[in-house]
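Residue 508 in my numbering sits at position 318 of the sequence shown, and the numbers go up by one each step. Ideal Cβ positions, reconstructed from N, Cα and C, are used throughout, including at glycine. Keep in mind it's a predicted model, so treat the numbers as computed, not measured. Below: the structure, in structure tokens.
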Amino acid sequence: MPLPTPRVSGDAEKTSPLRVLVLGGTGFIGRHAVAALHAAGAQLAIGSRHPERHEAAYPFAALRPARFEQLLHPDAWATLLKDVNVVVNCVGILRQRPNESYEHVHHRAPAALALACAKAGIRFIHTSALGLHEGAKSRFLSSKLLGERAIAASGSDYAIVRPSLLDGEGGFGARWLRGLSRSPVHGIPRGARGGIAAMTAADLGLAFAALAAFPSLSAHREVELGGTRRYGYAEYLRELRADCTGTRALQLPLPNWMARLGAHACDLTHFSPFSYGHWILLQRDNIPSPNRLPELLGREPHAVGSKAPREPGPARAGKIGPHDLPDTTASRSP
191 MPLPTPRVSG
201 DAEKTSPLRV
211 LVLGGTGFIG
221 RHAVAALHAA
231 GAQLAIGSRH
241 PERHEAAYPF
251 AALRPARFEQ
261 LLHPDAWATL
271 LKDVNVVVNC
281 VGILRQRPNE
291 SYEHVHHRAP
301 AALALACAKA
311 GIRFIHTSAL
321 GLHEGAKSRF
331 LSSKLLGERA
341 IAASGSDYAI
351 VRPSLLDGEG
361 GFGARWLRGL
371 SRSPVHGIPR
381 GARGGIAAMT
391 AADLGLAFAA
401 LAAFPSLSAH
411 REVELGGTRR
421 YGYAEYLREL
431 RADCTGTRAL
441 QLPLPNWMAR
451 LGAHACDLTH
461 FSPFSYGHWI
471 LLQRDNIPSP
481 NRLPELLGRE
491 PHAVGSKAPR
501 EPGPARAGKI
511 GPHDLPDTTA
521 SRSP
């Protein structure tokens with residue numbers, strides 16, 4: 191379904207394609223947003239840390255350099271926001287790196303971007319996560335919550351999108367969970383009692399495209415998304431395992447102290463996407479309430495696993511239709 195074209199003021203009434211800037215558009219989540227928007231007819235710009243690396247994969251888009259640690263003031267966004275109607279922010283980091291902190295990437299840069307969008311009259315769609323809450327002892331989670339609050343106070347026409355756990359080839363967390371599911375033994379922390387409404391990354395991309403088409407986001411300030419089936423963590427691993435084998439894994443309960451220690455060890459070694467923030471989220475429901483994904487898609491969400499549509503690679507992103515597309519976190523920073 192093509193996106194509506196916004197009106198452009200002038201001596202005569204004109205129309206032009208919807209112009210969208212996708213920040214982090216070469217990452218796991220971002221490339222699905224790019225594919226869905228391109229298939230719907232949007233004129234695209236992609237913000238990336240290394241735009242020169244992706245020119246061959248995205249010949250249909252203008253690639254612009256974007257480093258969030260350098261975009262902490264509204265005025266710093268002026269060049270990136272030139273000639274766009276909508277910004278879709280898919281940038282996030284799982285762990286901090288030199289010159290790249292949670293505070294900058296999840297809070298201060300999005301806050302400055304929201305203010306810049308408010309000043310320029312640009313609609314702003316921001317990717318966050320379910321399960322954020324006051325008092326979480328994780329800088330990963332607390333920085334995302336601060337970013338949400340700053341965006342809400344910015345005066346911009348914004349939508350905060352909170353997806354549940356994402357499935358799809360190429361995602362760091364999704365790939366790791368699938369590998370874990372193939373193991374003959376699954377360690378299941380006793381405290382991992384939260385519900386998961388796993389969804390495909392492709393459906394998330396289509397939801398972004400649907401939101402971008404609205405002339406105003408006032409009815410979509412907080413958009414929680416997920417699949418229609420509720421899983422527990424152990425059940426979800428069994429579902430992923432069923433895609434590759436008919437055998438069952440031995441699922442052993444683990445004490446909570448061991449899960450917490452393992453999360454801190456993974457944070458120190460970067461061994462896996464499991465982190466202290468994710469350990470906190472596993473103990474709480476990550477279920478959208480209400481789930482607005484069917485409303486945005488105009489259909490039921492795709493099932494995860496083997497029944498999900500095949501995911502395109504970046505080079506194919508501009509050559510597929512929106513219904514051909516197949517971590518609770520956003521993609522890595524651009």
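*From the DSSP output, in three-state form, read off Ser371 for me.*
Numbered from 1 along the sequence shown, position 181 holds the residue referred to as residue 371. Three-state result, Ser371: helix.
_Identity of the residues DSSP links to Glu414 by a beta bridge_ = Start at 1 with the first residue of the sequence shown, and residue 414 comes out as number 224. Glu414 is bridged to Arg352.
*Are Leu234 and Ala251 touching if we call contact CB-CB under 8 Å?*
The residue labelled residue 234 in the question sits at position 44 within the sequence shown. The residue labelled residue 251 in the question sits at position 61 within the sequence shown. Contact: yes.
*Looking only at its own chain, which residues have a Cβ that is under 7 Å from the Cβ of Leu331, when we skip the five neighbours before and after it?*
By 1-based counting over the sequence shown, the position of residue 331 is 141. Closer than 7 Å at the Cβ level, and outside the excluded window around Leu331, lie Leu322, Gly467, Ile470.
*Return yes when the Cβ of Ser465 is within less than 8 Å of the Cβ of Asp457, no when it is not.*
In the sequence shown, residue 457 corresponds to position 267, counting from 1. In the sequence shown, residue 465 corresponds to position 275, counting from 1. Yes; because the gap between Cβ atoms is below 8 Å, this pair is in contact.
*What's the call for His460, buried or exposed, on a 16-neighbour Cβ count within 10 Å?*
As a position in the sequence shown, residue 460 is number 270, starting the count at 1. Exposed: under 16 other Cβ atoms inside 10 Å.
*Report yes if the CB atom of Val281 is closer than 8 Å to the CB atom of Phe314, and no otherwise.*
Taking the first residue of the sequence shown as position 1, residue 281 is located at position 91. Taking the first residue of the sequence shown as position 1, residue 314 is located at position 124. It is not a contact, given that the beta carbons lie outside the stated cut-off.
_Could you tell me which whole alpha helix (DSSP H) segments of length 4 or greater appear in the stretch 395 to 463?_
423 to 431, 446 to 459
*Which residues in the same chain have their Cβ closer than 7 Å to the Cβ of Ser373, if we skip the five residues on either side of it in sequence?*
The count along the sequence shown starts at 1 and reaches residue 373 at position 183. Within the same chain, Ser373 has close Cβ partners Ala439.
*Which residues bound the beta strand (DSSP E) around Ala226?*
Against the sequence shown, residue 226 aligns to sequence position 36. Ala226 -> not in any beta strand (DSSP E); alpha helix (DSSP H) instead, spanning 218 to 229.
*Could you tell me how far apart the beta carbons of Val274 and Ile312 are, in whole angstroms, since I believe they sit closer than 8 Å?*
Within the sequence shown, numbered from 1, the residue matching residue 274 stands at position 84. Within the sequence shown, numbered from 1, the residue matching residue 312 stands at position 122. Confirmed, about 6 Å.
*asked:* For a minimum of 3 consecutive residues, which ranges assigned as the beta strand (DSSP E) are wholly contained in the stretch 216 to 304?
replied: 233 to 238, 252 to 255, 276 to 279
_Buried or exposed, going by whether 16 or more other CB atoms sit within 10 Å of the CB of Trp447?_
On the sequence shown, residue 447 is found 257 positions in, with the first residue counted as 1. Classification for Trp447: exposed.
_Where Leu322 falls: helix, strand or coil (DSSP)_ = By 1-based counting over the sequence shown, the position of residue 322 is 132. Looking at Leu322 - three-state DSSP - the assignment turns out to be coil, as it is neither helix nor strand.
*Could you give the DSSP three-state label for Leu515: helix, strand or coil?*
Position 325 of the sequence shown holds residue 515. The predicted model places Leu515 with a pLDDT of 30, which falls under 50 and marks its position as unreliable, so this point remains unresolved.
*Please say whether Ala453 and Gln441 have beta carbons closer to each other than 8 Å?*
Indexing the sequence shown from 1 puts residue 441 at position 251. Indexing the sequence shown from 1 puts residue 453 at position 263. No, the pair does not count as a contact, with Cβ atoms beyond the cut-off.
*Leaving out five residues before and five after Gly276 in sequence, what residues of the same chain have Cβ atoms less than 7 Å from its Cβ?*
Position 86 of the sequence shown holds residue 276. Contrary to the premise, residue 276 reads as Val rather than Gly in this sequence. Excluding residues within five positions, the ones whose Cβ falls inside 7 Å are Leu208, Val210, Ile312, Arg313, Ile315, Ala402.
*Start and end of the beta strand (DSSP E) containing Ile315?*
Taking the sequence shown and counting its residues from 1, the one referred to as residue 315 is at position 125. Ile315 -> beta strand (DSSP E) spans 313 to 317.
*In terms of alpha-carbon separation, which member of Ala399, Ala409, Leu394, Leu355 lies closest to Arg420?*
Here residue 420 refers to the residue found at position 230 when the sequence shown is read from its first residue. Comparing Cα positions, the closest option is Leu355.
_Environment of Gly395 [buried if 16+ CB atoms lie within 10 Å]_ = Locating residue 395 in the sequence shown gives position 205, counting from the first residue. With 16 or more Cβ atoms within 10 Å of its Cβ, Gly395 is classed as buried.
*In three-state DSSP terms, what is Asp357?*
Taking the sequence shown and counting its residues from 1, the one referred to as residue 357 is at position 167. In this structure, Asp357 counts as strand in the three-state DSSP scheme.
*Residues near Leu261 by beta carbon distance below 8 Å, same chain, minus five either side*: Along the sequence shown, one-based indexing puts residue 261 at 71. Its chain contains Trp267, Leu270, Ala299, Ala302, Leu303 as the residues whose beta carbon lies nearer than 8 Å to that of Leu261, once the 5 sequence neighbours on both sides are disregarded; these appear in chain order.
*asked:* Cutting at 7 Å between CB atoms, please list the residues of its own chain near Gly503, excluding the five before and the five after it.
replied: Here residue 503 corresponds to residue number 313 of the sequence shown, with the count starting at 1. Its pLDDT being 47, under 50, Gly503 is placed unreliably by the model, and nothing is read from it.
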